[in-house]
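First the structure, in the form of structure tokens, and then the observations on it.
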Amino acid sequence: MIKQQPNITSPREITISHADILTAANGVKLHKIDCTEDEVMRMSFIFKAGTRMQTKPFTASTTANLLSEGTQSFTAHELAERLDFYGSYYDVSLDRDYVVITFCALTKFFSQTLEVARQMLLYPTFPQEEIETYRSKRQQRLLIEQSKTSFQARTLFSEALFGKGHPYGVSSDASEYLNITREDILNIYDTLYIAENCFAVCSGKITADIESGILELCGAIPSGKTKAHVEFPTPETTPTVFQQHDGAVQSAIRIGRLLFPRSHPDFISMQVLSIILGGYFGSRLVHNLREERGYTYGVFSGVVNLDYDGYLAIATEVSSESTKDAITQIYHEMNRLIVEKVSVEELEMVKNILVGEVMRILDASFGIADVTIENIQNGTDNTYLNRMLSEVFAITPERIQEVAVKYLDPDKFTTTVVGSVDPF
Amino acid sequence: MIDYKIKTLGNGLTVVVHQEKSSQMAAVNMLYRVGARNENPEHTGFAHLFEHLMFKGTTQIPNFDTPVQMASGENNAFTNNDYTDYYITLPKENIETALWLEADRMTGLNITPEGLEMEKRVVIEEYNQRYINQPYGEQWLCLRDMAYKVHPYRWATIGLSTEHISNATMDQVDEFYKRFYNPNNAILSIAAAYEPEYMFELAEKWFGDIPLFESEAQNIPVEPEQTEARRMELTQKIPANSVTIAFKMAGRDSINYYVSDMISDLLSSGSSARLYQSLVKEQKILSAVNAYITGDVDPGLFVVTGQVLPGFTIKEAEESLWREITKLQTVEVEEYELEKVKNKFEANVIFGELNVMNKAMNLGFYTMLNDLPLINKEVDIYRSISKSQIIDCAKDLFRKEISSTLIYNIEK
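Each protein sequence line maps, in turn, to chains A and B. Heads up: the first sequence begins at 226 in my numbering, then just goes up one per residue. Heads up: the second sequence begins at 3 in my numbering, then just goes up one per residue.
What follows is the structure, given as structure tokens:
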């Protein structure tokens, strides 16, 4: 029985809760989104304390991860018990620029969770024994990660893009964990976990008590001196990198190029271009490498934004014997975007995918916090989303081609491969 | 708590709906009661390969993904040993697009021999990516093979070998589709802002005229009781030695399923849990440790696993794991610790119900278990577990003769 396809509604704008901004006496801003009837809340504290701020390998992540390993009032074990007993979540995430420390709790256990957050953010003691346990634990974990071709390719790709010595490109041997000292950690904590380097976001059911509790904690974060701006070295990109991995049945491929920091005017068009290329299931790269050729289980492209730079990255794992042709096909798909205009239908679909993606993230009361954090990091706020969408909906096939010509020049790209066959 | 309404259409399709007034999104979940358990032992990996084929288009809709994406939707699927699940989330105004697509591929799947060949290659690359080209990648293939001798849980959903995948034929595709992809073998669950009656009307509109097809029931062989400790040692180029012990545990309908789940929480839920505190933090024998249950419908596995730090032998690591787990057989759990894991379980249930997708998926799952009311009872069941039940269950669970141990040695 043939049935008529239902009509489709394409949302052209979205409803996003506005974040109220509250400012503590020390200048720390708390962005509050009171958005649910569910009895849950989330609070995140964001510090500009990512890996580019470290002068010694692994010290940025070690500092962030050791906040939970002992404070003036509680041992590491007691802190863990206090979170687990009330079913609260605690998570640390870290990238090149930022550390995000997040607590999620049932609202009825907010005050108990806040007390743990206060201890961890304000009074960590970084006990020597915990540092040692952490170092050997993490060293082994890194060694396991480093034995994966995908991890090796990711590391080599950053190096190839930025250069080995660059804060965005640097990677280190696992043995460097053993050189971390308590002084390194204290130094990072004292200089970076300060009010001038921090903002906070809370979402979920935010009552007056919850709001004032978080704001008080924000206000207690000590003031300090922000570091003088260090000139960033100019990145040096290497065109091709191959690393032999004997016995690998697949090659891990990373292809990409440097772009621009978060604030660049081509940023949104470039994002749309990247989605067309490899940002969804059925994208050009998925169609070519997976559906047409069966080389891979998956392929993805995305734009990564950093405070001082940004890049396009294409990632896939392909069967060893198809490595060479897979690389050819990836460049072929980029070239098609330069020489042929994208069809109106394909562009329309990608715009719809993008708006759906935003709606899905915003639908859960914790997802909205992630969006808010990213907007603040980009120097904007939640009104950005509808501005972004109206810019997206105005993009024409001509504009996509213009951006492709500008940014998909193969001479500007780097290709990194880890596997058993050298394709170069 | 999830409110729901349930109804069975004339053709046997079970429909479960939940009204989520505040959400802009609709979630449509289609669960088929077929998984790796239903496969012919000579053709394993087939249910999962078939899941891939369900995205290859029908006579009426040659490309499944395009209409979903045009409707700002996102869709995916997974296969496990017990069932296969397809899900779509999209703006609620577009809910009928999801129903149209799911109804269409329940009857009109159109697989060409070329399409099958290409998808086999993709699945073999998935096999390579997940199970071969990873350190410890074949762990689950080995554990299942050791722990089960008769029951189809002895193979992973990806299949026993890549040959099984490459040998799949068009006839098998037709037969599998006919036999398992029927309304009376499927559960449609929806979470969206609409009135339940309206969602039932939509289900009737899109699925009501699909004909009923009764396929014969399948007998799944029962795994005989294990009576001897099993062990397998691999020596590979890996960065750390590891120990994994899998014990046979109770099926989904037994109270001991919940007690075992609670025991796994006592051992390793959160960083205050026993294994991490004792073996990683205090004794520093392991760099990582975990205990979990596989969550299967039939008797599944309780797994304890750890990565060994340099300076300790595999034997020492193994003994340390046994010491911790057997403590639960003799020493009663303190009131505080019991309360902790119960609180954490309850919080996890609440955190897990925060979006429409999870709700629709859970409704499908509990309907598949033939006990939908259970969806709102598990916290109470968990709360009711006593200290003596834990001791009894631990005695039953942690026995050498029902264990299968997998060791990874670093190749020197």
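Note that the Cβ used here is the ideal one computed from N, Cα and C, for glycine as well. Just so it is clear, the structure is predicted and the values come from calculations on it, not from any experiment.
Neighbour flag for residue i against chain B, beta carbons, 8 Å
| i | result |
| --- | --- |
| D588(A) | yes |
| N422(A) | no |
| I625(A) | no |
| A289(A) | no |
| S544(A) | yes |
| E516(A) | yes |
| R487(A) | no |
| A594(A) | no |
| M266(A) | no |
| I435(A) | no |
| N577(A) | yes |
| E616(A) | no |
Cβ of residue i within 8 Å of any chain A Cβ
| i | result |
| --- | --- |
| I352(B) | yes |
| E128(B) | yes |
| A349(B) | yes |
| E98(B) | yes |
| S386(B) | no |
| D176(B) | no |
| I383(B) | no |
| V30(B) | no |
| Q131(B) | yes |
| L356(B) | yes |
| Q285(B) | no |
| T10(B) | no |
| A293(B) | no |
| G272(B) | yes |
| A188(B) | no |
| G47(B) | no |
| P185(B) | no |
Boundaries of the alpha helix (DSSP H) in which residue i is found, first to last residue
| i | result |
| --- | --- |
| K397(B) | 389 to 399 |
| A105(B) | 97 to 109 |
| L440(A) | 433 to 445 |
| A319(B) | 316 to 332 |
| M266(A) | No alpha helix (DSSP H) holds M266(A); the beta strand (DSSP E) holding it covers 265 to 272. |
Cβ-based burial, residue i [other Cβ within 10 Å; buried from 16]
| i | result |
| --- | --- |
| L214(B) | exposed |
| L403(A) | exposed |
| H54(B) | buried |
| N357(B) | buried |
| V564(A) | exposed |
| Q364(A) | buried |
| Y200(B) | exposed |
| H166(B) | buried |
| P185(B) | buried |
| K333(A) | exposed |
| G535(A) | buried |
| R612(A) | exposed |
| S318(A) | exposed |
Boundaries (first-last residue) of the beta strand (DSSP E) holding residue i
| i | result |
| --- | --- |
| G308(B) | 303 to 310 |
| E542(A) | 535 to 544 |
| H256(A) | 254 to 259 |
| K143(B) | The question names Lys, but residue 143(B) is Leu in the sequence shown. No beta strand (DSSP E) contains L143(B), which is instead part of the alpha helix (DSSP H) from 141 to 149. |
| E235(B) | 232 to 238 |
| L92(B) | 86 to 93 |
8 Å Cβ cutoff, residue i in contact with chain C
| i | result |
| --- | --- |
| D415(A) | Given the protein chain composition of this structure (A and B), no chain C is represented. |
Note to self: Below 8 Å, how does it come out for the segment 172 to 188 of chain B and the segment 263 to 283 of chain B: are there three or more Cβ pairs, yes or no?
What the structure shows: The segment 172 to 188 of chain B makes no contact with the segment 263 to 283 of chain B: fewer than 3 CB pairs, one atom from each, lie closer than 8 Å.
Next item on the list: Kindly confirm or deny that the segment 317 to 326 of chain A and the segment 300 to 307 of chain A touch, where touching means at least three C-beta pairs closer than 8 Å.
Entry: By the C-beta criterion, the segment 317 to 326 of chain A is judged not to be in contact with the segment 300 to 307 of chain A, since fewer than 3 inter-stretch pairs fall below 8 Å.
Check: Where are the beta strand (DSSP E) runs, 3 residues long or more, that stay fully inside the segment 8 to 79 of chain B, in chain order?
Finding: DSSP assignment within the segment 8 to 79 of chain B yields the following whole beta strand (DSSP E) runs of 3 residues or more, N-terminal first: 16 to 21, 27 to 34.
Checklist line | Secondary structure, alpha helix (DSSP H): runs of 4+ residues fully inside the segment 466 to 531 of chain A | finding: Taking only runs of at least 4 residues, the alpha helix (DSSP H) segments lying wholly in the segment 466 to 531 of chain A are 492 to 503.
Margin query: Check whether the segment 115 to 123 of chain B and the segment 190 to 203 of chain B touch, using three or more Cβ-Cβ pairs below 8 Å as the test.
Written below: The segment 115 to 123 of chain B vs the segment 190 to 203 of chain B: no contact.
Check: Between the segment 135 to 155 of chain B and the segment 612 to 632 of chain A, do three or more beta carbon pairs fall short of 8 Å?
Finding: No, they do not touch.
Item checked: Stretch-stretch touch, CB-based, cutoff 8 Å, three pairs: the segment 25 to 38 of chain B with the segment 458 to 473 of chain A -> Here the segment 25 to 38 of chain B makes no contact with the segment 458 to 473 of chain A; the two share fewer than three CB pairs at distances below 8 Å.
Checklist line | Complete runs of the alpha helix (DSSP H) confined to the segment 331 to 408 of chain A [at least 4 residues] | finding: If only uninterrupted alpha helix (DSSP H) runs of at least 4 residues are considered, those enclosed by the segment 331 to 408 of chain A are 335 to 347, 353 to 371, 374 to 387.
Item checked: Any 3 or more C-beta pairs closer than 8 Å across the segment 266 to 276 of chain B and the segment 227 to 245 of chain B -> With fewer than three CB-CB distances shorter than 8 Å, the segment 266 to 276 of chain B does not count as touching the segment 227 to 245 of chain B.
Notebook entry, point to check: Taking three-plus beta-carbon pairs below 8 Å as touching, is the segment 17 to 29 of chain B in contact with the segment 59 to 72 of chain B?
Noted result: No contact exists between the segment 17 to 29 of chain B and the segment 59 to 72 of chain B.
Margin query: Could you check whether the segment 497 to 515 of chain A touches the segment 243 to 254 of chain A, counting it as contact only if at least three pairs of C-beta atoms, one from each stretch, sit closer than 8 Å?
Written below: At 8 Å Cβ cutoff, the stretches do not touch.
Margin query: Tell me whether the segment 334 to 342 of chain A and the segment 392 to 410 of chain A touch, counting them as touching only if at least three CB pairs, one residue from each stretch, are closer than 8 Å.
Written below: As far as the Cβ criterion goes, the segment 334 to 342 of chain A does not touch the segment 392 to 410 of chain A, which means the pair count is below three.
Next item on the list: Decide if the segment 342 to 353 of chain A is in contact with the segment 288 to 300 of chain B; the criterion is three or more beta carbon pairs, one per stretch, under 8 Å apart.
Entry: Output reads no: the segment 288 to 300 of chain B does not touch the segment 342 to 353 of chain A.
Notebook entry, point to check: Would you call the segment 482 to 494 of chain A and the segment 529 to 547 of chain A in contact, with 3 or more CB pairs under 8 Å?
Noted result: In this structure the segment 482 to 494 of chain A touches the segment 529 to 547 of chain A; the number of beta carbon pairs closer than 8 Å is three or more.
Checklist line | Touching by the beta-carbon criterion (3+ pairs, under 8 Å), the segment 226 to 233 of chain B and the segment 340 to 349 of chain B | finding: Fewer than three pairs of CB atoms, one per stretch, sit closer than 8 Å, so the segment 226 to 233 of chain B makes no contact with the segment 340 to 349 of chain B.
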